[in-house]
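Sequences listed follow chains U and X, in order. Read in order, the letters of the first sequence correspond to residues 214 to 499 in my numbering. Read in order, the letters of the second sequence correspond to residues 938 to 1279 in my numbering. Note that CB positions come from ideal geometry on N, CA and C, so glycine has one too. Predicted, not measured: the structure shown is a model, and the values here were computed from it.
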Amino acid sequence: MKTFSVWLYQHRRGRLALLLTAPMLWLVVAYLGSLATMLVSAFWSVDTFTGKLVKQLTFNNFSLLFTNHVYRDIALRSIVVALLVTVIDVLLALPIALFLAKVLPIRFRNFAVVLIVLPLWSSYLVKTYAWRTMFSNSGVLAWALKPLGITPPSYGLLATTLTLAYLWLPYMILPIYAGLERIPDSLLEASGDLGASAGKTYRNIVMPILYPAVIAGSIFTFSLSLGDYIVVKIVGGKTQLFANVIYDNIGTAGNLPFAAAAAIFPIVTVLGYLFFVRRSGALENF
Amino acid sequence: MKDSPSTITDVPNAIRLINLVKNFGVVQAVAGVNLDIVNGEFFAMLGPSGSGKTTVLRLIAGFETQDSGAVEIDGINVSNVPPFKRDVNTVFQNYALFPHMNIIENVEYGLKVKGINKNERRERAVAALERVQLRGYEKRTPSQLSGGQQQRVALARALVNEPKVLLLDEPLGALDLKLRREMQVELKELQQQIGITFVFVTHDQEEALTMANRIAVFNHGKIEQVGTPQEVYEKPSSDFVAGFVGISNLLHEKASEQILGKKGIFSIRPEKIRFGHGGDRKTSGLVKEIAFLGSFTRFSVELAHGDRLVLLKENDGSSEIDSTVGALVQISWNSKYEFQVE
């Protein structure tokens, strides 16, 4: 054992190899490999008659995606839903995280964070079906809102958006909470001391410092929403989102090349989002 | 007389604290503090950690709310006024510079939130940076500056607002000894130039003595003594003050009675005690410890009653004291330098 430690100490490359072989295999072969396969197969097609894969270069999948307005509508709808979910989660997560990090006494803090994370431990399906029950015509939402004269949304796009916002909320709270914890109280005091009201301190100090944390959270909520096809099946009524296109082409239609071509859309969208965030320069000071 | 307002004599105090009390749970951090700080003073609040001095500063700034009592700034009761409406600015212990702004933006911040136009605030911020000798650092970020430079930025950021009172919370605590000495001199000069009242929190008695016009010595949430550095050092009002400000030698009951012929506990500063028979109080003891301190040598002499007296002998070559540990020595002092502490 000792000689092995000595060998490791003397061989830098040996250490690196030991450290990185397994993760590199996973990342390059399993992860990037499957992405590459998908990318290639997006340019193949399926013989409509035999249902067999035709491994010949074709752009038909993409031209269908771009020219058929159904796909364009679904794509736009998916982006709008993902953005809405993100905005709702930011609006909900900011006050919750602010309360956790700056108002709640320290001794309750860890417990409260556990409460925030707790929903992630229960099954995604259970939670989604719970929302289905709540959104139903005789559900708890209808019952609670009836005295106010409000009819809750029935199964559809709004119900989907709200359910997704509920599901991904912890992924937004946690990074914002971590970001807030890194802002020392003295910075907030200094801002007040220099004449800024709470609102100005929030705008000039808290938000700019918190911006990377909000971006981190939004990457979770945005890409998770863009990739979801189950929630919309359960509470979305007849609505389709882009992930359903992919799923249906893998399952019912059995058109793997078209599914692969469609799957490139969310990847490009998220990459575009990251590029936009980077270009905005908001992450430069960190 | 009617058009000479300068003859009005009762200029309000910069700060007045009235029966100030602040509890944190069961801990009484500030236990009834009364204090007047005069306009233009360099005032030090001195005390060990946990003595309440920082809490008092935070009460003045408005970061904490008092449980009872009142804070007046410039004659106006601000007890229920939020920090951003109080005419004081604070230099924080860890500087609290905004990490996402460069230096000039940090200094401009107070003027910006008060709605002062861009040209004027840039001008004033540059002047403030000039004052703390940081011209040319405008575009750097706080993390690119050394501790001493960050300290200056914090100072400029506070002073640019021209507050009635500048509050400084252990501002030199994070600097090394040499830099701290330099900054002490600079702060003192700065305060004299601009004439703003400085209220300075420190646990370093030497710092308080060097810089302040007056010192309040804090202990257990209360002020033990307020006075000039000379008063606090030469005439401490309690054995706590005597012990905290400078080295103090205590003579307990038996020794006091025998050597001084008085009842009570008495204190004498080390530099006032000499070897030999020079003073009108004379006694003898055994040398227990000798420490060479560069320009001084410190002797610890144990008297017959168990009290230990510390003496400082300047290493000026005038008279060599060649006493060794265990030697019996004669010591003396002038009775006017002894003071009763209890």
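Legend entry - Coarse secondary structure for X:GLY1213, derived from DSSP in three states: Within the second sequence, residue 1213 of chain X is the residue found at index 276, counting from 1. Collapsing the DSSP output to three states places X:GLY1213 in coil.
Legend entry - Candidates U:ASP406, U:VAL300, U:SER335 and U:ASN274, of which the one nearest U:ALA476 by Cα: Here the question's residue 476 of chain U lines up with position 263 in the first sequence. Ranking the options by Cα distance to U:ALA476, first place goes to U:ASN274.
Inset, instruction - Tell me whether U:LEU508 is buried or exposed, calling it buried when 16 or more other Cβ atoms sit within 10 Å of its Cβ. - result: Given a span of 214 to 499 for chain U in the structure shown, any question on residue 508 of chain U remains unanswerable.
Inset, instruction - Would you mind listing the beta strand (DSSP E) stretches within the stretch 962-988 of chain X that are 3+ residues and don't spill past its ends, in chain order? - result: Within the stretch 962-988 of chain X, the complete beta strand (DSSP E) runs of at least 3 residues are 964-974 and 979-983.
Inset, instruction - Going by DSSP, name the residue or residues bridged to X:THR1027. - result: Position 90 of the second sequence, counting from 1, holds the residue named residue 1027 of chain X. Under DSSP, X:THR1027 takes part in a beta bridge, and its partners are X:LEU1104.
Inset, instruction - Classify X:GLU1001 as helix, strand or coil using the three-state DSSP reduction. - result: Taking the first residue of the second sequence as 1, we reach residue 1001 of chain X at position 64. Three-state DSSP puts X:GLU1001 in coil, outside helix and strand.
Inset, instruction - Take U:ASN498 and list the residues in its own chain whose beta-carbon comes closer than 7 Å to its own, dropping the five residues that flank it on each side. - result: Counting from one through the first sequence, the residue named residue 498 of chain U turns up at place 285. A caution first: U:ASN498 carries a pLDDT of 48, below 50, which makes its placement in the model too unreliable to give a value.
Legend entry - Distance CB(X:LEU994)-CB(X:VAL970) smaller than 9 Å: By one-based count along the second sequence, residue 994 of chain X stands at place 57. By one-based count along the second sequence, residue 970 of chain X stands at place 33. The answer is no: Cβ separation not under 9 Å.
Inset, instruction - Determine whether the Cβ of X:LYS1076 lies closer than 9 Å to any Cβ atom of chain U. - result: Along the second sequence, read from residue 1 onward, the residue named residue 1076 of chain X stands at position 139. No, X:LYS1076 lies away from the interface with chain U (no Cβ there is under 9 Å from its Cβ).
Legend entry - Residues of the stretch 1039-1052 of chain X with Cβ closer than 7 Å to any Cβ of chain U, in chain order: Of all residues in the stretch 1039-1052 of chain X, TYR1046, GLY1047, VAL1050 and LYS1051 have a Cβ within less than 7 Å of some Cβ in chain U.
Legend entry - U:ILE422 to X:VAL1178 span [Cα, whole Å]: Translated into positions along the first sequence, residue 422 of chain U becomes position 209. Translated into positions along the second sequence, residue 1178 of chain X becomes position 241. Distance between the alpha carbons of U:ILE422 and X:VAL1178: 44 Å.
Legend entry - Contact with chain U by X:HIS1037, beta-carbon distance below 9 Å: Stepping through the second sequence from its first residue, residue 1037 of chain X is reached at position 100. Using beta-carbon distances, X:HIS1037 counts as an interface residue toward chain U, with a partner under 9 Å.
Inset, instruction - Check whether the Cβ atoms of X:PHE1229 and X:GLU1251 sit closer than 9 Å, and answer yes or no. - result: Residue mapping note: residue 1229 of chain X aligns to position 292 of the second sequence, counting from 1. Residue mapping note: residue 1251 of chain X aligns to position 314 of the second sequence, counting from 1. X:GLU1251 sits away from X:PHE1229, with the two beta carbons spaced by 9 Å or more.
Legend entry - Given X:PHE1203 as reference, the closest of X:ASN956, X:SER1193, X:VAL1154 and X:ALA968 once Cα atoms are compared: As a working mapping, residue 1203 of chain X is identified with position 266 in the second sequence. Per the C-alpha coordinates, the member of X:ASN956, X:SER1193, X:VAL1154 and X:ALA968 positioned closest to X:PHE1203 is X:SER1193.
Inset, instruction - Give the range of the beta strand (DSSP E) segment to which X:ASN1156 is assigned. - result: Mapped onto the second sequence, residue 1156 of chain X falls at position 219. Boundaries of the beta strand (DSSP E) harbouring X:ASN1156: 1151-1156, taken from the DSSP string.
Legend entry - Within chain U, partners of X:PRO1020 - CB distance below 8 Å: Numbered from its first residue, the second sequence carries residue 1020 of chain X at position 83. Simply GLU402, GLY405 and ASP406.
Inset, instruction - Flag U:GLY264 as yes when its Cβ comes closer than 8 Å to any non-hydrogen atom of the ligand ATP, and as no otherwise. - result: The model on display carries no ligand, and the ligand ATP is accordingly not part of it.
Inset, instruction - Determine the contact status of X:ILE1268 and X:PHE1181, defining contact as a CB-CB distance below 9 Å. - result: Stepping through the second sequence from its first residue, residue 1268 of chain X is reached at position 331. Stepping through the second sequence from its first residue, residue 1181 of chain X is reached at position 244. One thing to note: X:ILE1268 has its Cβ no nearer than 9 Å to the Cβ of X:PHE1181.
Inset, instruction - Please compile the residues from chain U whose C-beta is within a distance smaller than 8 Å of the C-beta of X:PHE1029. - result: In the second sequence, the residue the question calls residue 1029 of chain X occupies position 92. Correct list: SER399, GLU402 and ALA403.
Legend entry - According to DSSP, residues forming a beta bridge with X:SER1204: Indexing the second sequence from 1 puts residue 1204 of chain X at position 267. The beta-bridge partner set that DSSP reports for X:SER1204 consists of X:LEU1187 and X:PHE1276.
Inset, instruction - Report the partner residues of X:ASN950 according to the DSSP bridge assignment. - result: Residue mapping note: residue 950 of chain X aligns to position 13 of the second sequence, counting from 1. According to DSSP, X:ASN950 bridges with nothing at all.
Legend entry - Proximal chain U residues relative to X:ALA1033, where beta-carbon distance stays under 8 Å: For the purposes of this step, residue 1033 of chain X is taken as the residue at position 96 of the second sequence. The answer, in chain order, is PRO397, SER399, LEU400, GLU402 and ALA403.
Inset, instruction - Can you check DSSP and say which residues form a bridge with X:ILE1013? - result: Taking the second sequence and counting its residues from 1, one reaches residue 1013 of chain X at position 76. Paired residue(s): X:ILE1010.
Inset, instruction - Under 6 Å Cβ to Cβ from X:LYS1191, same chain only, skipping five residues before and after it: list those, please. - result: Residue mapping note: residue 1191 of chain X aligns to position 254 of the second sequence, counting from 1. So the list reads HIS1242, once near-sequence residues are dropped.
Inset, instruction - Using beta-carbon positions only, say whether X:ALA968 and X:GLY1158 come within less than 9 Å of one another. - result: Taking the first residue of the second sequence as 1, we reach residue 968 of chain X at position 31. Taking the first residue of the second sequence as 1, we reach residue 1158 of chain X at position 221. In this structure, X:GLY1158 lies closer than 9 Å to X:ALA968 by Cβ.
Inset, instruction - Identify whether U:TRP257 lies in helix, strand or coil by the three-state DSSP scheme. - result: Position 44 of the first sequence, counting from 1, holds the residue named residue 257 of chain U. Residue state, collapsed to three classes: coil.
Inset, instruction - Measure from the C-beta of X:ILE945 to each C-beta in chain U and report whether the shortest distance is under 9 Å. - result: Sequence index remark: in the second sequence, residue 945 of chain X carries index 8 (1-based). Any reading at X:ILE945 needs caution, since the residue's pLDDT is 47, under 50, leaving its predicted position unreliable; the model's value is listed next. Not one chain U Cβ lies under 9 Å of X:ILE945.
Inset, instruction - Over the uninterrupted alpha helix (DSSP H) stretch that includes X:ARG1235, give me the two end residues. - result: In the second sequence, counting from the first residue as 1, residue 1235 of chain X sits at position 298. Taken as a continuous stretch (DSSP letters only), X:ARG1235 belongs to no alpha helix (DSSP H), being part of the beta strand (DSSP E) at 1233-1239.
Inset, instruction - Would you verify that the beta carbon of U:ILE418 is, or is not, closer than 9 Å to some beta carbon of chain X? - result: In the first sequence, residue 418 of chain U corresponds to position 205, counting from 1. So yes, U:ILE418 belongs to the interface.
Inset, instruction - Could you name the residues of the same chain whose beta carbon sits closer than 7 Å to that of U:TYR486, not counting the 5 residues immediately before and after it, in chain order? - result: Looking up residue 486 of chain U in the first sequence gives position 273. Excluding positions up to five away in sequence, the list reads PHE435.
Legend entry - Buried or exposed by the 16-neighbour rule on C-beta atoms within 10 Å, applied to X:ASP940: The residue labelled residue 940 of chain X in the question sits at position 3 within the second sequence. Note on X:ASP940: pLDDT 43, under 50, position unreliable in the model; no value is reported.
Legend entry - Opening and closing residue of the beta strand (DSSP E) in which X:GLY1222 lies: If you number the second sequence from 1, residue 1222 of chain X lands on position 285. Unbroken beta strand (DSSP E) run through X:GLY1222: 1218-1229.
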